[in-house]
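Take a look at the structure set out below.
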Amino acid sequence: MNSALLKNATIITASQTIKADILARDGIIEQIGRHLDAADAQSFDLTGRYLLPGGIDVHTHLDMPLGDIRSCDDFTTGTVAAACGGTTTIIDYAAHAHGETMAQGLDAWHQRAEGKAVIDYGFHLTLSEFTDRTLRDMERIVEAGVTSFKVFTAYPGRMMIDDAAIFRVLQQAKEIGALVCVHCENGQVIDALIHDALAAGQTAPKYHPLTRPAIAEREAAHRVISLAEMADAPVYIVHVSSGAAIEQIAQARLRGVPVYAETCPQYLFLSAELYDGIEFEGAKYVMSPPLREKLDQDALWQAVRNRMIDVIGTDHCPFHFQSQKTLGRDDFTKIPNGGPGIETRLNLMFTGGVSEQRISLNHFVDIVSTQPAKLFGLYPQKGEIAPGSDADFVVINPEHETFISAITQHSIVDYSLYEGMRVKGTPEKVFARGELIVENGRFLGKPGAGRFLKRQRSSHYAR
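Read in full-length UniProt numbering, the sequence shown has 361 at position 361, and its numbers run on one by one without any break.
Right, dumping it as structure tokens:
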């Protein structure tokens with residue numbers, strides 16, 4: 001197996017910054033110290049570089065079916081893009097169709113990923129309905145190493161389950177040590193607003209955010225938190241997009257409710273004015289929840305700073321602009337929801353967070369790697385630099401600047417949400433289990449090298 005010796009690194013973890021060498025053997029960190037030597041190891045001099053634990057993106061949608069189309073990155077192109085962006089582990093959302101067992105849905109996602117993923121991966125399991133077998137199925141899924149589930153308060157008739165079902169899922173999750181992730185929007189009211197918009201002939205992309213207002217997210221977040229409080233169970237709110245939802249999370253934490261929150265770079269860097277782009281350009285930004293106002297960006301950054309936001313995910317769900325987003329040219333409700341972001345998470349957060357002095361380097365590592373690992377049962381195997389942990393590393397030159405562009409990205413989607421944006425923190429080298437898989441933007445790994453990760457219970461249950 002491989003051996004790597006990383007010399008003269010400035011090692012950044014969530015809790016400390018040290019200058020040291022790292023020796024990794026057989027994919028595991030064997031030793032950390034000064035003046036290490038190993039004749040059989042490939043040596044890398046990292047003088048002047050930051051060495052971080054590999055990024056962990058716990059919110060992706062690769063090769064995801066949506067009606068007659070699929071998200072355009074599969075588990076090869078998507079994980080290559082992730083790796084080139086400094087992410088060495090993903091947790092993708094598997095789902096089961098109505099009438100299928102959860103195990104059938106999980107098997108389908110295993111087939112999508114096995115032999116294709118270039119980095120390690122796990123799954124959440126999305127509950128698309130609530131039946132008399134749901135609670136039993138949840139136990140079996142946890143035994144299979146999938147220790148988190150997702151429910152929706154949006155998309156009636158497709159994904160949404162009612163409040164009583166969410167309450168039962170939360171109760172069961174507590175019993176079996178799982179974490180429930182929730183998409184919070186009031187789907188029934190949104191459907192009513194969409195109906196009114198279409199009846200008035202309002203079909204352009206700009207009506208997408210107008211029919212999914214922040215108050216619909218706030219209401220659902222309040223309701224879900226209340227259900228979790230009644231169930232005495234933890235809950236994880238995905239892709240928080242508004243200051244209104246953050247208020248609900250902050251108030252709940254003051255009451256001692258174990259509510260965890262995730263946001264995504266698009267809500268920190270982009271705003272709703274993009275829906276007013278010329279011609280059909282606004283369709284690129286159609287996602288749910290939608291982009292919000294600039295005041296919401298300020299509220300979210302404040303929530304990142306004060307740790308009301310625990311995790312930065314991406315909700316990477318890419319659809320080609322030219323051939324897939326255009327399906328909704330005459331009706332914004334037919335624009336496939338989702339956008340790309342798996343490759344740009346770290347450099348955006350390094351730029352907007354560290355370089356802009358909103359957060360420290362250690363906090364940066366915490367929200368892009370360590371907290372995701374802890375909350376989703378991967379720590380300390382992942383998200384840490386310590387003897388015995390996986391040798392997953394990202395090497396950053398803090399002074400190097402570059403531009404984001406669809407031309408240079410590794411995702412196959414035909415546009416970038418951040419075209420032309422100047423960033424720092426782009427990975428110079430990426431190691432997965434001790435193997436150098438990315439160097440200066442060039443992917444060196446191979447499809448199928450990624451392993452499925454059977455996850456443990458969330459760290460919440462160890463508290």
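Quick reminder that beta carbons are idealized off the backbone N, C-alpha and C, glycines included.
Remember, it's a predicted structure, so these values are computed and weren't measured experimentally.
Leaving out five residues before and five after residue i in sequence, what residues of the same chain have Cβ atoms less than 6 Å from its Cβ?
| i | result |
| --- | --- |
| residue 126 | 93, 95, 150 |
| residue 448 | 115 |
| residue 252 | 225, 259 |
| residue 373 | 56, 379, 382, 383 |
| residue 414 | 320, 321, 322 |
| residue 40 | 3 |
| residue 327 | 334 |
| residue 445 | 118, 437 |
Which one of the options has the shortest CA to CA distance from residue i?
| i | options | result |
| --- | --- | --- |
| residue 158 | 311, 97, 214, 104 | 97 |
| residue 216 | 242, 234, 231 | 242 |
| residue 279 | 321, 260, 255, 17 | 321 |
| residue 359 | 310, 81, 275 | 310 |
| residue 100 | 112, 130, 123, 78 | 130 |
| residue 399 | 408, 414, 428 | 428 |
| residue 106 | 196, 134, 83, 144 | 144 |
| residue 14 | 388, 371, 458, 282 | 371 |
| residue 282 | 390, 208, 190 | 208 |
| residue 23 | 43, 16, 63 | 43 |
| residue 76 | 458, 451, 439 | 451 |
| residue 461 | 205, 78, 235 | 235 |
| residue 297 | 18, 276, 272 | 272 |
| residue 183 | 290, 425, 28 | 290 |
| residue 175 | 240, 299, 232, 401 | 232 |
| residue 187 | 161, 136, 30, 156 | 156 |
| residue 61 | 190, 124, 84, 169 | 124 |
| residue 181 | 204, 170, 294 | 170 |
What is the DSSP secondary structure of residue i, counted as helix, strand or coil?
| i | result |
| --- | --- |
| residue 28 | strand |
| residue 134 | helix |
| residue 194 | helix |
| residue 213 | coil |
| residue 276 | helix |
| residue 252 | helix |
| residue 463 | coil |
| residue 187 | helix |
| residue 41 | coil |
| residue 311 | strand |
| residue 226 | helix |
| residue 306 | coil |
| residue 203 | coil |
| residue 19 | strand |
| residue 284 | helix |
| residue 347 | helix |
| residue 208 | helix |
| residue 13 | coil |
| residue 444 | coil |
| residue 237 | strand |
Mind checking whether residue i and residue j have CB atoms under 8 Å apart?
| i | j | result |
| --- | --- | --- |
| residue 434 | residue 4 | yes |
| residue 65 | residue 384 | no |
| residue 410 | residue 443 | yes |
| residue 369 | residue 91 | no |
| residue 418 | residue 344 | yes |
| residue 330 | residue 89 | no |
| residue 230 | residue 167 | yes |
| residue 153 | residue 228 | no |
| residue 268 | residue 301 | yes |
| residue 223 | residue 163 | yes |
| residue 342 | residue 82 | yes |
| residue 304 | residue 346 | no |
| residue 72 | residue 367 | no |
| residue 457 | residue 147 | yes |
| residue 86 | residue 455 | no |
| residue 423 | residue 402 | yes |
| residue 112 | residue 396 | no |
| residue 349 | residue 404 | no |
| residue 120 | residue 453 | yes |
Taking 7 Å as the limit between beta carbons, can you name the residues of its chain near residue i, skipping five residues before and five after?
| i | result |
| --- | --- |
| residue 20 | 9, 11, 32, 33, 34 |
| residue 194 | 211, 333 |
| residue 244 | 214, 215, 217, 218 |
| residue 257 | 225, 228, 229 |
| residue 206 | 275, 276, 282 |
| residue 351 | 423, 424, 425 |
Could you tell me if the beta carbon of residue i falls within a distance shorter than 7 Å of some heavy atom in the ligand HEM?
| i | result |
| --- | --- |
| residue 415 | Looking at this structure, you won't find the ligand HEM or any other ligand, since it has none at all. |
Please list, in chain order, all residues of the same chain as residue i whose beta carbon is under 8 Å from its beta carbon, the five residues on each side excluded.
| i | result |
| --- | --- |
| residue 287 | 266, 315, 317, 337, 338, 339 |
| residue 239 | 59, 183, 262, 263, 264, 267, 289, 313, 315 |
| residue 441 | 84, 408, 426 |
Whole beta strand (DSSP E) elements within the segment 139-171, 3-residue minimum: 148-152
Segments of 3+ residues assigned as beta strand (DSSP E) that fall wholly inside the segment 349-427: 393-396, 401-403, 422-424
Complete runs of the alpha helix (DSSP H) confined to the segment 46-126 [at least 4 residues]: With a minimum length of 4 residues, the continuous alpha helix (DSSP H) runs that stay inside the segment 46-126 are 77-84, 102-113.
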